[in-house]
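Residue numbering for the sequence shown follows the numbering used here, beginning at 1 and increasing consecutively.
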Amino acid sequence: GIMHLPDYKEARKRDIRPYQRVVFQEDDKVKNKYQGKTFYLKTYGCQMNEHDSENIEALLTFLGFSKVDDYMDADLVLLNTCSIRENAHNKAFGMLGRLKHLKQEKKDLIVGLCGCMAQEASVVETILKDYKWVNFVFGTHNMYQLPEIIDTAIEENQQQIEVFSREGDLIEGLPVLRVNDYKAYVNIIYGCNKFCTYCIVPYTRGRERSRLKEDVLAEVQKLVDDGYKEVTLLGQNVNAYGKDLYDDYTMANLLEDVAKMGIPRIRFTTSHPWDFTDEMIDVIAKYPNIMPSVHLPVQSGSSRILKLMGRRYTKESYLELFHKIKDRVPGVTISTDIIVGFPGETEEDFLETLDLVRECQYDNAFTFIFSKREGTPACRLADPVSQKEKEERLQRLNEVVNHYFLENNKKLEGREVEVLVEGISDKKHMYYGYSDTNKLINFSSEKELTPGDLVMVKINDAKTWSLDGETVE
Ligand code: 5AD
Ligand code: SF4
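In structure tokens, the structure reads:
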């Protein structure tokens, strides 16, 4: 069998050697080889993983597998995993527990694991030791080898573990089966070089590699031609786009070029505050099809903690950027991520986070308790605050952020917003979708609508996490 194991020492390395751009070639020997067999794919984690799963589905379909919605009915179960917090780990291992039982009854069941957890040496060690029945593991850097790995695992009937510690080539031309026919993800940059001290992503996703602008623009053009309404440009830090490739072509240039292609809605995520440029703000303000909604993770309101996190900005410089975006982009909404209970966070540090939230009055916020990730620098810091205290801080923080979600939403009552229809809610003629500012809108319509329609909705009632309304003619 093939066998490569991940190694964090290797994964830490960053160099300036240019990556190879390699165009994926289908291996016709395995095309439709598994016709009649079914697969179930479970995705954990972020939009990057969701989009990887769109490639994985296409590769499995190439092998001849067809998709089922219940893992009990599947011949092959694949978990596309996330490492970001312990809880993501626990979910994946919980699922593996259920699959072990299933496999006792269904001996031919093939089980595989891929995604970020596959890049962690400790996870792979556990699989080798205690999960010998797992048929195959592959990492984020060699997803394109899926057909070969699965085929070998089945043919040789022996555990296959193939994970690269380093990023290797940048693969273009992977097949894709998109979940939606009106909104799409487009990768623009892979990996992360920031090494925030709490974060595992630089180890699981490798160094920053931008796709060629021609490749990105060609993919967007195809989406325009296919009638897509919304594109989300993806990267662990999209603001670093182009830095590894070009002297004079940046995220601002790419955003502008994509905007000019005329797709009705453009989003991008995630932005690190450290390299959010004035040029980017100008482009967002200038083009009405770049949605006025920015995700700007702050993580903490204490400059002391930000320094320990390795975030490269202070509370003051974050606020300066925040207000610059608010002032220059009319009607913009800003969302954020916040971690409480970073090692050594004091009550005073935490109160500074609450202060910052009161100043920023975010439209949305994802709040987390610090989770120790093996191999990251923060893992080794003294952490005297109890879990109970951290849970209380999270609760207090959530009360404050929720308050502003509702306050901001109330300002929309009586106003009209543009909504991209995503689907039908439980009741008849009740629809849902997202506004330009990325708010979830539930609404009624006299006219029958289909997902992908853009409609104007009058807001009648604001809630904390959504708004209710009706279409206007
Ligand atoms: N513990 C808790 N939250 C984390 N995040 C990243 N790493 C950790 C960790 N070790 C959060 C950050 C990031 C979001 C995607 O997940 O807030 O922005
Ligand atoms: Fe999870 Fe981060 Fe990997 Fe996304 S990149 S799947 S959030 S660990």
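Beta carbons are placed, not taken as given, at the ideal position from N, Cα and C, and that holds for glycine. Since the model is a prediction, treat every value here as computed from it, not as a measurement.
Item	Value
Do Ala92 and Leu177 have their C-beta atoms closer together than 8 Å?	no
Tell me whether the beta-carbon of Asn87 lies closer than 8 Å to the beta-carbon of Gly115.	no
Give me the DSSP bridge partner(s) of Tyr431.	Ile424 and Phe443
Among residues of its own chain, excluding the 5 on either side of Val22, which ones have a beta-carbon nearer than 8 Å to its beta-carbon?	Asp169, Leu170, Ile171 and Glu172
Using a Cβ-Cβ cutoff of less than 7 Å, which residues in the same chain neighbour Thr43 once the five nearest sequence positions on both sides are dropped?	Asn49, Glu50, Ser53 and Asn80
For Leu78 versus Phe24, is the C-beta distance shorter than 8 Å?	no
Between Gly433, Ile56, Thr450 and Thr464, which lies nearest to Glu407 when the distance is taken from Cα to Cα?	Thr464
Spatial neighbours of Ala153 within its chain, please: CB distance less than 6 Å, with the 5 preceding and 5 following residues excluded, ordered by chain position.	Asn135, Phe136 and Gln160
Taking C-alpha atoms, which residue in Tyr404, His323, Asn289 and Pro292 lies nearest to Pro273?	His323
Count the other CB atoms, across all protein chains shown, that sit within 10 Å of the CB of Ser83; report buried if there are 16 or more and exposed otherwise.	buried
Can you tell which of Thr346, Val298, Lys326 and Gly331 has its C-alpha closest to the C-alpha of Lys315?	Val298
Classify Ile459 as buried or exposed, calling it buried when 16 or more other Cβ atoms lie within 10 Å of its own Cβ.	buried
Whole-angstrom Cβ separation of Ile263 and Val224, contact assumed at under 8 Å?	5 Å
What's the C-alpha gap between Lys31 and Ile150?	12 Å
Looking at the structure shown, is Asp136 part of a helix, part of a strand, or coil, going by DSSP?	The question names Asp, but residue 136 is Phe in the sequence shown. Phe136 falls in the strand class under three-state DSSP.
Got a sec? Which residues, its chain only, sit under 6 Å from Tyr71 by beta carbon, not counting five neighbours each side?	Tyr40 and Val77
According to the neighbour-count rule (16 or more other Cβ atoms, all chains shown, within 10 Å of its Cβ), is Phe366 buried or exposed?	exposed
Indicate whether the contact test is met: 3 or more Cβ pairs, each with one atom in the stretch 443 to 453 and one in the stretch 411 to 423, closer than 8 Å.	yes
Give the residues whose C-beta lies closer than 6 Å to at least one heavy atom of the ligand 5AD, in chain order.	Ile84, Arg85, Tyr198, Cys199, Pro297, Gln299, Asp337, Ile339, Phe368, Phe370, Ser371 and Arg373
Could you have a look at Phe195 and say whether DSSP puts it in helix, strand or coil?	coil
Since Glu167 contacts Arg207 with CB under 8 Å, what's their CB separation in whole angstroms?	6 Å
By how many angstroms is the C-alpha of Gln20 removed from the C-alpha of Leu245?	12 Å
What three-state label does DSSP hand Arg12 in the structure shown?	helix
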